[in-house]
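Going by this note's numbering, the first residue of the sequence shown is number 4, and it counts up by one from there.
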Amino acid sequence: MESFKNMVPQYASVLRGGQKLTLAAEEVVQGDIVEVKGGDRIPADIRIIQAAAFKVDNSSLTGESEPQTRSPDNTNENPLETRNIAFFSTNCVEGAGKGIVINTGDRTVMGRIANLASGLEMGETPIAREIEHFIHIITGVAVFLGISFFIIAFILGYYWLDAVIFLIGIIVANVPEGLLATVTVCLTLTAKRMASKNCLVKNLEAVETLGSTSTICSDKTGTLTQNRMTVAHMWFDNQIIESDTTEDQSGVQYDKTSAGWQALARVACLCSRAEFKEGQENLPILKRDCIGDASESAILKCMELAIGNVSAYRKRNVKVCEIPFNSSNKYHVTIHDLEDGSGYLLCMKGAPERILDRCSTIFIHGKEKVLDEDMKEAFNDAYLELGGMGERVIGFCDYKLPQGKFRPGYAFDGEQENFPLSGLRFVGLVAMIDPPRAAVPDAVSKCRSAGIKVIMVTGDHPITAKAIAKAVGIISEGNETVEDIADRLGISVENVNAREAKAAVVHGSELRDMTPGAMDMLLKQHTEIVFARTSPQQKLIIVEGCQRQGQIVAVTGDGVNDSPALKKADIVMAQSYPDVANMVLIVRIHFATTYALP
Numbered sequence: 004m005e006s007f008k009n010m011v012p013q014y015a016s017v018l019r020g021g022q023k024l025t026l027a028a029e030e031v032v033q034g035d036i037v038e039v040k041g042g043d044r045i046p047a048d049i050r051i052i053q054a055a056a057f058k059v060d061n062s063s064l065t066g067e068s069e070p071q072t073r074s075p076d077n078t079n080e081n082p083l084e085t086r087n088i089a090f091f092s093t094n095c096v097e098g099a100g101k102g103i104v105i106n107t108g109d110r111t112v113m114g115r116i117a118n119l120a121s122g123l124e125m126g127e128t129p130i131a132r133e134i135e136h137f138i139h140i141i142t143g144v145a146v147f148l149g150i151s152f153f154i155i156a157f158i159l160g161y162y163w164l165d166a167v168i169f170l171i172g173i174i175v176a177n178v179p180e181g182l183l184a185t186v187t188v189c190l191t192l193t194a195k196r197m198a199s200k201n202c203l204v205k206n207l208e209a210v211e212t213l214g215s216t217s218t219i220c221s222d223k224t225g226t227l228t229q230n231r232m233t234v235a236h237m238w239f240d241n242q243i244i245e246s247d248t249t250e251d252q253s254g255v256q257y258d259k260t261s262a263g264w265q266a267l268a269r270v271a272c273l274c275s276r277a278e279f280k281e282g283q284e285n286l287p288i289l290k291r292d293c294i295g296d297a298s299e300s301a302i303l304k305c306m307e308l309a310i311g312n313v314s315a316y317r318k319r320n321v322k323v324c325e326i327p328f329n330s331s332n333k334y335h336v337t338i339h340d341l342e343d344g345s346g347y348l349l350c351m352k353g354a355p356e357r358i359l360d361r362c363s364t365i366f367i368h369g370k371e372k373v374l375d376e377d378m379k380e381a382f383n384d385a386y387l388e389l390g391g392m393g394e395r396v397i398g399f400c401d402y403k404l405p406q407g408k409f410r411p412g413y414a415f416d417g418e419q420e421n422f423p424l425s426g427l428r429f430v431g432l433v434a435m436i437d438p439p440r441a442a443v444p445d446a447v448s449k450c451r452s453a454g455i456k457v458i459m460v461t462g463d464h465p466i467t468a469k470a471i472a473k474a475v476g477i478i479s480e481g482n483e484t485v486e487d488i489a490d491r492l493g494i495s496v497e498n499v500n501a502r503e504a505k506a507a508v509v510h511g512s513e514l515r516d517m518t519p520g521a522m523d524m525l526l527k528q529h530t531e532i533v534f535a536r537t538s539p540q541q542k543l544i545i546v547e548g549c550q551r552q553g554q555i556v557a558v559t560g561d562g563v564n565d566s567p568a569l570k571k572a573d574i575v576m577a578q579s580y581p582d583v584a585n586m587v588l589i590v591r592i593h594f595a596t597t598y599a600l601p
């Protein structure tokens, strides 16, 4: 519970009785209007009534790596998915907003998770059950032998006191007094070996339970993945290129001297607010911390690797005007005074379909072409392919402002928008994903070969979850879901026999109405399962469903949203929140450590 207490912010800016007050977070009550800005922690569950580029980090609650936009619009019946609610303990990473407090304390989503976790009872570990069973057998044997020899002693004419001594001696001789010490020493030695592999055991019984594991329910964000958005692909010159994120750029698959790449890189460098924090010059680029949202930080690191010293490049091309990204326009605009003195360049990035609508031409192989239906179809094909891989796609365009109209010193006004925002030139797409950890696919394969079933349980979007599951091998190559079969046969999902699909991607909304019997059938029918958009309660239901089938269930996770499932599991492999999860085992690195344990 200490972890939950540590989440409470010290103060909150509140409008109450027509006055603006700064109150301790615990003094906020239902009905207060709370003001939140970038860097603040949400003091309660609030319903958004006003937002300006307002984004929150929900990764600890829902598993979504990307900051989530918040606005007054109700976009979904599920409170965890709608945009007009911000949750207690999540962080505002960008923008500002106001909201009405709808729940505080134990009534918040986070409070309910805490109550759910604290209300669960820990079951016996397999080794505890085995030792208890063994002791019952030894006790029965000892008592039987003792009574038998007591009777035999009487028959042979021994004095009654000698017979009692026989009885007591035989019972004492059968007591396994060295059992406790032997088991403890063995488990301790194993625990020390596990410590050398980045695991800290809190309960020695967990060592044996880990070896009995038959099912692993793994969280995605931070466990299977790196919880760090990374540029995965780019689309320019009408081709999809895999991005190279190695420090030495040894895997570059494109020509950095091509005009298409240079145009895309220029806009990606300039149209961004992300910056590296000071004092990290000696760190590898991919390990540096950034100021800015996850997507812009990923693009910044990619450009720093590809062209180097983005900060100096920006200083040479001074930004003179900016329109920040907002949820209604879905684009970010910057205008720069180019270093070569050729005038001003307008750069824009945002939702690909919105960016394309503002363009009349496209830059392909160094030539500016009319954006006709063929090019739009090529764009759509690339967009759908990248989106189908679970990647977040951003579009980029630019426009060289006419020097005759926009002379040096022109007073650009972002609010009045006294410059063109249509008829622009499309230059490309950049796609990002929270990449899988390098060692995870091999670990999943080894778990499966050892007869351990690996299930992904995440709060992220089904498309993203499915893409990561395929990347790490939770869904094996060649295995199809009912959706895949329906697409291949050109029929509706309802007409597909679920038994034909070895893999399944289950949305949290389906779990809501699923009976225990249906859950058991689902777990039996499919060998490879991904649960997406799941709530903490649903994660708990999944663990209980596995345990009903006699499985020894291990749960890996690193977020507060995992805590109910962590507490219910037979073995816990968690990376944080030890007090909340009442964990048995802390895994300090990631999923790959699971199989590396002895």
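C-beta atoms are modelled at their ideal positions from N, C-alpha and C, and glycine is treated no differently. Model, not experiment: these values are computed from the prediction.
Can you check whether the CB of C274 is closer than 8 Å to the CB of C350?
Along the sequence shown, one-based indexing puts residue 350 at 347. Along the sequence shown, one-based indexing puts residue 274 at 271. Yes, the pair counts as a contact, with Cβ atoms nearer than the cut-off.
On the criterion of 16 or more Cβ atoms from any shown chain inside 10 Å, does P439 qualify as buried, or is it exposed?
As a first step, residue 439 must be located in the sequence shown, where it is residue number 436. So P439 counts as buried.
Thinking G149 and I116 are a contact (beta carbons under 8 Å), I'd like their distance in whole angstroms, please.
Position 146 of the sequence shown, counting from 1, holds the residue named residue 149. Position 113 of the sequence shown, counting from 1, holds the residue named residue 116. The Cβ separation is near 53 Å, so there is no contact.
From the DSSP output, in three-state form, read off E281 for me.
Taking the first residue of the sequence shown as position 1, residue 281 is located at position 278. Shown here, E281 sits in coil according to DSSP, grouped into three states, outside any helix or strand.
Could you tell me how far apart the beta carbons of A271 and V433 are, in whole angstroms, since I believe they sit closer than 8 Å?
On the sequence shown, position 268 is the one that residue 271 refers to. On the sequence shown, position 430 is the one that residue 433 refers to. With a Cβ gap of about 6 Å, A271 and V433 count as contacting.
For the structure I just gave you, are there three or more beta carbon pairs, one from the segment 278-286 and one from the segment 233-242, closer than 8 Å?
The segment 278-286 makes no contact with the segment 233-242: fewer than 3 CB pairs, one atom from each, lie closer than 8 Å.
In three-state DSSP terms, what is V447?
Walking along the sequence shown from the start, residue 447 turns up at place 444. Per DSSP, reduced to three states, the secondary structure at V447 is helical.
Assign K3 to one of three DSSP states: helix, strand, or coil.
Residue 3 falls outside the range modelled here, since the chain spans only 4 to 601, and no answer is possible.
Cβ contact (3+ pairs, closer than 8 Å) linking the segment 96-112 and the segment 307-322:
Inter-segment contact for the segment 96-112 and the segment 307-322 is absent: fewer than three beta-carbon pairs are separated by less than 8 Å.
Would V17 be called buried (16 or more neighbouring beta carbons within 10 Å of its own) or exposed?
Position 14 of the sequence shown, counting from 1, holds the residue named residue 17. With 16 or more Cβ atoms within 10 Å of its Cβ, V17 is classed as buried.
Considering Cα atoms alone, identify which of E497, T216, I477, F399 is closest to V485.
Indexing the sequence shown from 1 puts residue 485 at position 482. For the residues E497, T216, I477, F399, the minimum Cα distance to V485 belongs to E497.
Minimum length 3: unbroken beta strand (DSSP E) runs contained in the segment 154-209:
Runs of the beta strand (DSSP E) inside the segment 154-209: 202-204.
According to DSSP, is D523 part of a helix, a strand, or is it coil?
On the sequence shown, residue 523 is found 520 positions in, with the first residue counted as 1. Looking at D523 - three-state DSSP - the assignment turns out to be helix.
Check the C-beta distance from T212 over to I555 and give it rounded, since I have them as a contact under 8 Å.
By 1-based counting over the sequence shown, the position of residue 212 is 209. By 1-based counting over the sequence shown, the position of residue 555 is 552. Indeed they touch by this definition, with Cβ atoms about 7 Å apart.
Applying the criterion that 16 or more other CB atoms from any shown protein chain within 10 Å of the CB defines a buried residue, is K469 buried or exposed?
The count along the sequence shown starts at 1 and reaches residue 469 at position 466. By the C-beta density criterion, K469 is buried, having at least 16 other C-beta atoms within 10 angstroms.
Could you have a look at N94 and say whether DSSP puts it in helix, strand or coil?
Here residue 94 corresponds to residue number 91 of the sequence shown, with the count starting at 1. For N94, the three-state secondary structure derived from DSSP is strand.
Using C-beta distances below 7 Å, list every residue in its chain close to R19, excluding the 5 sequence neighbours before and after it, in chain order.
Counting from one through the sequence shown, the residue named residue 19 turns up at place 16. Close CB contacts of R19 within its chain, under the 7 Å cut and outside five residues either way in sequence, are with D35 (chain order).
Just checking my contact of I436 with A297 at CB under 8 Å: how many whole Å lie between their CB atoms?
In the sequence shown, residue 436 corresponds to position 433, counting from 1. In the sequence shown, residue 297 corresponds to position 294, counting from 1. Rounded, the Cβ-Cβ distance is 11 Å, inconsistent with contact.
Per the DSSP calculation, G102 is bridged to which residue(s)?
Against the sequence shown, residue 102 aligns to sequence position 99. According to DSSP, G102 bridges with V37, I51.
Buried or exposed for H2, going by 16 or more other Cβ atoms inside 10 Å?
This structure leaves residue 2 out entirely; the chain is present only between 4 and 601.
Under 8 Å between C-beta atoms of A89 and P46:
Walking along the sequence shown from the start, residue 89 turns up at place 86. Walking along the sequence shown from the start, residue 46 turns up at place 43. For the 8 Å CB-CB criterion, A89 and P46 do not form a contact.
Near Q71, which residues of its chain fall below 7 Å by C-beta distance, leaving aside the five closest residues on each side in sequence?
For the purposes of this step, residue 71 is taken as the residue at position 68 of the sequence shown. Closer than 7 Å at the Cβ level, and outside the excluded window around Q71, lie K58, V59, N61.
Under the three-state reduction of DSSP, which class applies to V234: helix, strand or coil?
Reading the sequence shown from its first residue, position 231 is the one you call residue 234. V234 falls in the strand class under three-state DSSP.
Hey, would you say G353 sits closer than 8 Å to H335, going by beta carbons?
The sequence position of residue 353 within the sequence shown is 350, counting from 1. The sequence position of residue 335 within the sequence shown is 332, counting from 1. Contact: yes.
Endpoints, the alpha helix (DSSP H) within which E388 is located:
For the purposes of this step, residue 388 is identified with residue 385 of the sequence shown, where counting begins at 1. According to the DSSP assignment, E388 belongs to the alpha helix (DSSP H) that extends over 376-391.
Please name the residue, chosen from Q13, V37, E30, V373, that lies closest to G21 on a Cα-to-Cα basis.
In the sequence shown, counting from the first residue as 1, residue 21 sits at position 18. Of the candidates Q13, V37, E30, V373, the one whose C-alpha sits nearest the C-alpha of G21 is V37.
Is it right to say P355 is buried, meaning 16 or more other beta carbons lie within 10 angstroms of its own, or is it exposed?
As a working note, residue 355 is residue 352 in the sequence shown. Counting C-beta atoms within 10 angstroms of its own C-beta, P355 has 16 or more neighbours from the protein chains shown and is therefore classed as buried.
Closest by C-alpha distance to N177, when choosing among R196, L192, G143
Counted from its first residue, the sequence shown places residue 177 at position 174. When only C-alpha atoms are compared, the closest one is G143.
Locate the alpha helix (DSSP H) running through R395, then write down its first and last residues.
The residue you call residue 395 lines up with position 392 of the sequence shown. First-last for R395: 395-403, but that is the beta strand (DSSP E), not the alpha helix (DSSP H).
Please classify Q406 as buried or exposed, where buried requires at least 16 neighbouring CB atoms within 10 angstroms.
The residue you call residue 406 lines up with position 403 of the sequence shown. Counting every other CB atom within 10 Å of its CB across the protein chains shown gives Q406 a total below 16, marking it as exposed.
Less than 8 Å separating the beta-carbons of D516 and G548?
In the sequence shown, counting from the first residue as 1, residue 516 sits at position 513. In the sequence shown, counting from the first residue as 1, residue 548 sits at position 545. Their beta carbons are not under 8 Å apart, which means D516 does not touch G548 by this criterion.
Does A54 pass the burial test, meaning 16 or more other C-beta atoms within 10 Å, or should it be called exposed?
Locating residue 54 in the sequence shown gives position 51, where the first residue counts as 1. If you draw a 10 Å sphere on the C-beta of A54, you find 16 or more other C-beta atoms in it, and that means buried.
Looking only at DSSP bridge pairs, what is K372 linked to?
One-based indexing of the sequence shown puts residue 372 at position 369. Looking at the DSSP assignment, K372 forms a beta bridge with I365.
Per DSSP, which one or two residues make a beta bridge with V457?
By one-based count along the sequence shown, residue 457 stands at place 454. The partner list for V457 (beta bridge, DSSP) reads I219.
Tell me the DSSP secondary structure of P438 in three-state form.
On the sequence shown, residue 438 is found 435 positions in, with the first residue counted as 1. In the three-state reduction of the DSSP assignment, P438 falls in the coil class, being assigned neither a helical nor a strand state.
Looking only at its own chain, which residues have a Cβ that is under 8 Å from the Cβ of Q540, when we skip the five neighbours before and after it?
Taking the sequence shown and counting its residues from 1, one reaches residue 540 at position 537. Excluding residues within five positions, the ones whose Cβ falls inside 8 Å are L119, P567.
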